[in-house]
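Chains A and B, in that order, are what the protein sequence lines are.
Residue numbers for the first sequence follow the numbering used here, beginning at 18 and rising by one.
Residue numbers for the second sequence follow the numbering used here, beginning at 175 and rising by one.
We put the beta carbon where it would ideally sit given N, CA and C, even for glycine.
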Amino acid sequence: NAGVMQNPRHLVRRRGQEARLRCSPMKGHSHVYWYRQLPEEGLKFMVYLQKENIIDESGMPKERFSAEFPKEGPSILRIQQVVRGDSAAYFCASSQHWGADTEAFFGQGTRLTVV
Amino acid sequence: QQPVQSPQAVILREGEDAVINCSSSKALYSVHWYRQKHGEAPVFLMILLKGGEQKGHEKISASFNEKKQQSSLYLTASQLSYSGTYFCGTEWGDDKIIFGKGTRLHILP
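(1) Contact defined as beta carbons within less than 8 Å: I believe G124/A pairs with Q23/A. What is the distance between those atoms, to the nearest angstrom?
(2) Nearest to T277/B by alpha carbon, out of T264/B, L219/B, G258/B and K270/B?
(3) Rounded to a whole number of angstroms, what is the C-alpha to C-alpha distance between P56/A and P181/B?
(4) State the CB to CB distance for the pair L279/B and Y260/B, rounded to an integer number of angstroms; the pair is presumed to be in contact (CB under 8 Å).
(5) Spatial neighbours of R30/A within its chain, please: C-beta separation below 6 Å, excluding the five flanking residues on both sides.
(6) Is the CB-CB distance between W207/B and A183/B below 7 Å?
(7) Here's the rule: buried if 16 or more other CB atoms are within 10 angstroms of the residue's CB, otherwise exposed. What is I185/B?
(8) Report yes if the C-beta distance between G274/B and G59/A is below 7 Å; otherwise report no.
(9) Using a Cβ cut-off of 7 Å (strictly closer), state whether A215/B contacts chain A.
(10) Put D103/A into one of helix, strand or coil per three-state DSSP.
(11) Reducing DSSP to helix, strand and coil, say where L55/A ends up.
(12) Excluding the 5 residues preceding and the 5 following R101/A in the sequence, name in chain order all residues of the same chain whose CB lies nearer than 7 Å to its CB.
(13) Terminal residues of the continuous beta strand (DSSP E) containing G263/B?
(14) Taking just the CA atoms, how far does Q54/A sit from K61/A?
(15) Using C-beta distances below 8 Å, list every residue in its chain close to L28/A, excluding the 5 sequence neighbours before and after it, in chain order.
(16) Distance, Cα to Cα, F218/B vs P283/B?
(17) My output table needs one value for L254/B: the three-state DSSP class, helix, strand or coil.
(18) Less than 7 Å between the C-beta atoms of V64/A and S92/A, yes or no?
(19) At a Cβ threshold of 7 Å, is G133/A touching chain B?
(20) Any beta carbon from chain B within less than 7 Å of E89/A's own beta carbon?
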């Protein structure tokens with residue numbers, strides 16, 4: 018049973034380009050979380066999705082950022098017109114269902130560098 | 175509304191004990207503990223649900239004090255492999271986990 022798969026592991030973009038980060042949850046998991054982590058800092062919540070639904074996007078910047086989790090295929094975090102400040106590690110986590118007692122499993126992350 | 179972790183960093187010698195605290199400004203439904211090594215994904219350690227329970231995982235255990243809105247992670251007889259950054263994640267009934275800034279633990283041989 019493969020774990021949470023994120024790709025690419027490393028992504029370099031020039032300012033103004035678009036970045037697409039992919040996350041395939043663990044088999045049987047229908048809930049995905051995206052977090053951003055700056056060097057030496059904590060995991061900052063961005064968005065929580067269920068298949069075809071955005072449950073909570075309160076941590077996502079209002080502009081340039083969007084996320085989706087289609088019925089088929091991976092969850093995608095899209096950053097349009099990237100700026101230097103978007104450079105960070107982006108982690109996704111998946112869980113089986115809602116609930117406080119449900120553990121979430123993290124992927125290896127995508128390290129985005131904007132040059 | 176991020177939980178507050180203390181201390182920010184700890185340096186221990188192998189075999190020593192450590193306590194990491196996690197405090198919330200509002201009532202908690204659950205606390206999730208993770209450990210992250212440099213350049214790697216956070217790894218799940220344990221979940222504690224409201225009710226003041228305590229859990230153990232080999233020499234790593236945790237408590238959850240609902241009244242004080244805090245949780246503590248206990249590492250006893252620390253091993254070199256325990257080095258890393260420990261994050262507590264709090265959940266307030268809305269199914270999203272908000273993490274603290276982390277506690278960096280460095281174990282010296």
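For this structure:
(1) Within the first sequence, the letter at position 107 stands for residue 124/A. Within the first sequence, the letter at position 6 stands for residue 23/A. Indeed, because the Cβ distance is near 4 Å, the residues count as touching under 8 Å.
(2) The residue you call residue 277/B lines up with position 103 of the second sequence. When only C-alpha atoms are compared, the closest one is G258/B.
(3) In the first sequence, residue 56/A corresponds to position 39, counting from 1. In the second sequence, residue 181/B corresponds to position 7, counting from 1. Straight-line Cα distance between these residues: approximately 18 Å.
(4) Looking up residue 279/B in the second sequence gives position 105. Looking up residue 260/B in the second sequence gives position 86. Indeed they touch by this definition, with Cβ atoms about 6 Å apart.
(5) Along the first sequence, one-based indexing puts residue 30/A at 13. Contacts found: A36, V99 and V131.
(6) Along the second sequence, one-based indexing puts residue 207/B at 33. Along the second sequence, one-based indexing puts residue 183/B at 9. Going by C-beta atoms, W207/B is not nearer than 7 Å to A183/B.
(7) The residue labelled residue 185/B in the question sits at position 11 within the second sequence. Burial call: exposed.
(8) Numbered from its first residue, the second sequence carries residue 274/B at position 100. Numbered from its first residue, the first sequence carries residue 59/A at position 42. Yes, these two residues count as a Cβ contact at 7 Å.
(9) The sequence position of residue 215/B within the second sequence is 41, counting from 1. Answer yes: the Cβ-Cβ gap between A215/B and chain A drops below 7 Å somewhere.
(10) The count along the first sequence starts at 1 and reaches residue 103/A at position 86. Here D103/A sits in helix by DSSP.
(11) Taking the first residue of the first sequence as 1, we reach residue 55/A at position 38. L55/A: coil per DSSP, three-state reduction.
(12) By one-based count along the first sequence, residue 101/A stands at place 84. So the list reads R32 and V131, once near-sequence residues are dropped.
(13) In the second sequence, the residue the question calls residue 263/B occupies position 89. Where G263/B is concerned, the enclosing beta strand (DSSP E) stretches over G258 to E265.
(14) On the first sequence, residue 61/A is found 44 positions in, with the first residue counted as 1. On the first sequence, residue 54/A is found 37 positions in, with the first residue counted as 1. Roughly 6 Å separates the two Cα atoms.
(15) Mapped onto the first sequence, residue 28/A falls at position 11. Result list for L28/A: A36, L38, T127, R128, L129 and T130, in chain order.
(16) On the second sequence, position 44 is the one that residue 218/B refers to. On the second sequence, position 109 is the one that residue 283/B refers to. The straight-line gap from Cα to Cα measures roughly 25 Å.
(17) Numbered from its first residue, the second sequence carries residue 254/B at position 80. Helix, per DSSP.
(18) On the first sequence, position 47 is the one that residue 64/A refers to. On the first sequence, position 75 is the one that residue 92/A refers to. Going by C-beta atoms, V64/A is not nearer than 7 Å to S92/A.
(19) Since the displayed chain A opens at 18 and closes at 132, residue 133/A lies outside it and no answer follows.
(20) Here residue 89/A corresponds to residue number 72 of the first sequence, with the count starting at 1. Chain B, which has no Cβ nearer than 7 Å to the Cβ of E89/A, makes this no.
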